[in-house]
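Engineer: Whatever position you read off the sequence shown (first residue = 1), add 14 for this note's numbering.
All residues carry an ideal CB built from backbone N, CA and C; glycine is no exception.
One structure coming up, written as structure tokens, with questions to follow.
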Amino acid sequence: MNKLTQPHLCLIEDDEIMGESLCDRFALEGLRVDWQRTGAEGLRAVTGKHYDLIISDIHLPDLNGEEVFERLLATGQALPPFIFITGYASIDRAVRLLKQGAADYISKPFDLDQLVEKVCQLCPPPPTAPAAGDERHTLGISPVMREIEASIPRLARLANTILITGESGSGKEHVAQLIHQHARAEQDSPFVAVNCGAITETLLESELFGYEKGAFTGAARTRKGVFEQAHGGTLFLDEIGEMPLSMQVKLLRAIQERRIVRVGGETPIPVDVRLICATNRDLKDMVEEGSFREDLYYRIHVIRLRVPPLRERKEDIPWFAQIFLRQCCAQHGDEARSLTPSAERALLDYAWPGNLRELKHSIERACIMSPHPALGPDAFFDDGHHGAADTVHGEAPAGSGNLAAYLRECERRFILQTLERNQWHLGNTAAALDISRKNLWEKMKKLDIQTDKDGE
Numbered sequence: 015m016n017k018l019t020q021p022h023l024c025l026i027e028d029d030e031i032m033g034e035s036l037c038d039r040f041a042l043e044g045l046r047v048d049w050q051r052t053g054a055e056g057l058r059a060v061t062g063k064h065y066d067l068i069i070s071d072i073h074l075p076d077l078n079g080e081e082v083f084e085r086l087l088a089t090g091q092a093l094p095p096f097i098f099i100t101g102y103a104s105i106d107r108a109v110r111l112l113k114q115g116a117a118d119y120i121s122k123p124f125d126l127d128q129l130v131e132k133v134c135q136l137c138p139p140p141p142t143a144p145a146a147g148d149e150r151h152t153l154g155i156s157p158v159m160r161e162i163e164a165s166i167p168r169l170a171r172l173a174n175t176i177l178i179t180g181e182s183g184s185g186k187e188h189v190a191q192l193i194h195q196h197a198r199a200e201q202d203s204p205f206v207a208v209n210c211g212a213i214t215e216t217l218l219e220s221e222l223f224g225y226e227k228g229a230f231t232g233a234a235r236t237r238k239g240v241f242e243q244a245h246g247g248t249l250f251l252d253e254i255g256e257m258p259l260s261m262q263v264k265l266l267r268a269i270q271e272r273r274i275v276r277v278g279g280e281t282p283i284p285v286d287v288r289l290i291c292a293t294n295r296d297l298k299d300m301v302e303e304g305s306f307r308e309d310l311y312y313r314i315h316v317i318r319l320r321v322p323p324l325r326e327r328k329e330d331i332p333w334f335a336q337i338f339l340r341q342c343c344a345q346h347g348d349e350a351r352s353l354t355p356s357a358e359r360a361l362l363d364y365a366w367p368g369n370l371r372e373l374k375h376s377i378e379r380a381c382i383m384s385p386h387p388a389l390g391p392d393a394f395f396d397d398g399h400h401g402a403a404d405t406v407h408g409e410a411p412a413g414s415g416n417l418a419a420y421l422r423e424c425e426r427r428f429i430l431q432t433l434e435r436n437q438w439h440l441g442n443t444a445a446a447l448d449i450s451r452k453n454l455w456e457k458m459k460k461l462d463i464q465t466d467k468d469g470e
């Protein structure tokens with residue numbers, strides 16, 4: 015894009031992590047950004063240059079953002095739209111600034127996508143040319159998944175830190191793998207995935223950063239951590255929201271400095287990785303609760319991709335069902351099998367709380383258990399799996415008067431089924447659900463699933 019056609023922003027922000035994250039994200043959106051670290055610098059920049067939009071933190075080390083705005087108003091010059099950000103939300107101050115002419119106001123911690131949307135509304139970038147060629151849709155055929163897939167080549171080329179959000183089993187790791195494949199198409203570079211929720215706090219540091227020989231009892235040799243293993247490639251940190259606070263600060267330091275120190279070592283080791291994090295939790299809420307560091311949140315939240323659950327993209331259900339069916343037949347050496355129209359309707363009607371993972375397991379189970387070449391609804395939803403059968407063939411679960419209650423009951427029944435299949439072994443159940451034991455306990459408590467069994 016020609017620089018003369020790029021919208022030009024002035025960012026006034028004293029926080030280095032926040033400023034760098036915003037600059038990186040705006041650059042990906044095709045926006046030029048001048049970053050000023052103090053109110054005085056921002057005042058001089060805006061006075062001497064034309065900008066299409068100004069974003070300013072209210073709390074700055076010298077002149078605060080409100081003073082900068084008022085001094086610019088006093089000059090009588092026409093001002094571009096002003097957006098204020100602050101960590102100290104104040105309705106009175108927001109109303110006063112808006113009455114004075116500010117375009118908008120947003121408080122920390124905020125969703126970066128929300129800020130980008132506001133910026134694009136006030137200062138829309140020039141349209142980009144459509145991608146040439148017909149792409150294979152490996153993420154689905156729904157419009158939302160095609161949109162995500164269309165963005166992957168650009169993200170792979172420009173973004174070094176990406177956050178993928180979505181429910182368990184929705185396909186977050188597959189999205190990460192596609193980004194890696196596009197980014198390193200001409201290189202034999204590693205893709206290393208680690209589930210932060212599946213590793214105990216005491217082992218997580220050595221898993222991430224490695225350890226030197228003799229660092230602790232049992233460390234008979236030096237071992238590289240996943241940061242070193244992924245050097246030159248992509249590191250995928252799944253369930254980042256499960257990472258203990260004590261490890262979050264060490265992860266932040268490694269991301270910022272692009273260096274790690276092995277457990278028991280002293281020498282910093284440079285690492286070059288594309289970092290993709292994923293979570294099924296609301297990190298913004300966790301920041302407000304104090305269970306996730308705000309500085310780490312903004313560091314990994316430069317780009318956010320939300321992978322919607324299957325129930326929000328129903329056109330993908332029969333498409334993936336056919337793919338999984340072909341894969342299963344090929345794996346077991348079976349002749350081609352098909353779905354009856356009533357089976358497709360049943361699959362579409364079910365809420366799929368386990369998303370793609372649950373759909374794939376259901377297809378595999380049906381292929382193994384059913385002797386018929388055409389699979390009907392009974393192959394998927396029999397009396398032994400009440401959660402599926404009830405929600406597909408009957409009314410909404412008893413007592414449910416809205417979608418939230420319906421989905422809650424579906425999730426409860428799905429977890430109960432998985433617990434029963436794993437003889438109430440919590441570790442195996444958590445692994446089957448692809449969540450941490452802690453997350454499983456939290457869900458069981460929230461969904462009132464009681465157990466006096468001893469499964470570990």
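Would you call the region 24 to 38 and the region 55 to 73 touching, i.e. three or more CB-CB distances under 8 Å?
Structural biologist: yes
Engineer: Would you mind listing the beta strand (DSSP E) stretches within the region 67 to 111 that are 3+ residues and don't spill past its ends, in chain order?
Structural biologist: Qualifying beta strand (DSSP E) stretches, in chain order: 67 to 71 and 96 to 100.
Engineer: Compare the C-alpha of Asn78 against each of Gly90, Leu111 and Arg379 and name the closest.
Structural biologist: Numbered from 1 along the sequence shown, position 64 holds the residue referred to as residue 78. Cα-wise, what sits closest to Asn78 is Leu111.
Engineer: Quick check: the Cα distance between Leu447 and Gly441, rounded to an integer number of angstroms?
Structural biologist: Residue 447 sits at position 433 when you count from the first residue of the sequence shown. Residue 441 sits at position 427 when you count from the first residue of the sequence shown. Just so you know, the alpha carbons of Leu447 and Gly441 end up roughly 10 Å apart.
Engineer: Beta carbon of Gly5, beta carbon of Ser220: below 8 Å?
Structural biologist: Outside the modelled stretch of the chain, which goes from 15 to 470, sits residue 5, for which no answer is possible.
Engineer: What number of angstroms, rounded off, separates the C-alpha of Glu256 from the C-alpha of Ser305?
Structural biologist: Locating residue 256 in the sequence shown gives position 242, counting from the first residue. Locating residue 305 in the sequence shown gives position 291, counting from the first residue. Put simply, the backbone Cα of Glu256 is about 9 Å away from that of Ser305.
Engineer: Rounded to whole angstroms, how far is the Cβ of His315 from the Cβ of Leu126, which I believe are closer than 8 Å?
Structural biologist: For the purposes of this step, residue 315 is identified with residue 301 of the sequence shown, where counting begins at 1. For the purposes of this step, residue 126 is identified with residue 112 of the sequence shown, where counting begins at 1. About 5 Å separates the two Cβ atoms, so the contact holds.
Engineer: Suppose the cutoff is 6 Å on Cβ atoms and the five residues either side in sequence are ignored; what does the same chain contact list for Ile317 look like?
Structural biologist: Residue numbering aside, residue 317 sits at position 303 when the sequence shown is read from its first letter. Correct list, in chain order: Ala173 and Ile176.
Engineer: Taking 8 Å as the threshold (C-beta atoms), are Val189 and Arg327 in contact?
Structural biologist: Residue 327 sits at position 313 when you count from the first residue of the sequence shown. Residue 189 sits at position 175 when you count from the first residue of the sequence shown. Result no, Cβ atoms of Arg327 and Val189 do not sit closer than 8 Å.
Engineer: Is DSSP giving His439 helix, strand or coil here?
Structural biologist: On the sequence shown, residue 439 is found 425 positions in, with the first residue counted as 1. Coil, per DSSP.
Engineer: Take every Cβ of the region 243 to 258, pair it with every Cβ of the region 285 to 298, and state whether three or more of those distances are shorter than 8 Å.
Structural biologist: yes
Engineer: Taking C-beta to C-beta, are Asn369 and Gly115 nearer than 8 Å?
Structural biologist: Position 355 of the sequence shown, counted from the start, is the residue given in the question as residue 369. Position 101 of the sequence shown, counted from the start, is the residue given in the question as residue 115. Contact: no.
Engineer: Straight-line CA distance for Asn202 to Gln345?
Structural biologist: Position 188 of the sequence shown holds residue 202. Position 331 of the sequence shown holds residue 345. For the sequence presented, residue 202 should be read as Asp rather than Asn. C-alpha separation (whole angstroms): 27 Å.
Engineer: Please say whether Tyr311 and Val301 have beta carbons closer to each other than 8 Å?
Structural biologist: Here residue 301 refers to the residue found at position 287 of the sequence shown. Here residue 311 refers to the residue found at position 297 of the sequence shown. Yes.
Engineer: For Leu319, which three-state DSSP category applies?
Structural biologist: Your numbering for residue 319 matches position 305 in the sequence shown. Strand at Leu319.
Engineer: Select from Leu430, Leu353 and Ser376 the residue whose C-alpha is nearest the C-alpha of Gly390.
Structural biologist: Indexing the sequence shown from 1 puts residue 390 at position 376. Ranking Leu430, Leu353 and Ser376 by Cα distance to Gly390 puts Leu353 first.
Engineer: Could you give the residue range of the beta strand (DSSP E) that holds Ser121?
Structural biologist: As a first step, residue 121 is located in the sequence shown; it is residue number 107 there, counting from the start. Taken as a continuous stretch (DSSP letters only), the beta strand (DSSP E) holding Ser121 covers Asp118 to Ser121.
Engineer: Any chance you could list the alpha helix (DSSP H) runs of at least 4 consecutive residues sitting entirely within the region 277 to 309, in chain order?
Structural biologist: 297 to 303
Engineer: In angstroms with no decimal places, state the Cα-to-Cα distance between Ser376 and Gly56.
Structural biologist: Here residue 376 refers to the residue found at position 362 of the sequence shown. Here residue 56 refers to the residue found at position 42 of the sequence shown. Going by the C-alpha atoms only, they are around 58 Å apart.
Engineer: Let me confirm a value: Asp11 is counted as buried when at least 16 other C-beta atoms fall within 10 Å, else exposed. Which label applies?
Structural biologist: The shown model of the chain, from 15 to 470, leaves out residue 11, and the question about it has no answer.
Engineer: Arg85: which of Val60, Ser384 and Pro385 sits nearest, CA to CA?
Structural biologist: As a working note, residue 85 is residue 71 in the sequence shown. Taking only the C-alpha atoms, the option nearest Arg85 is Val60.
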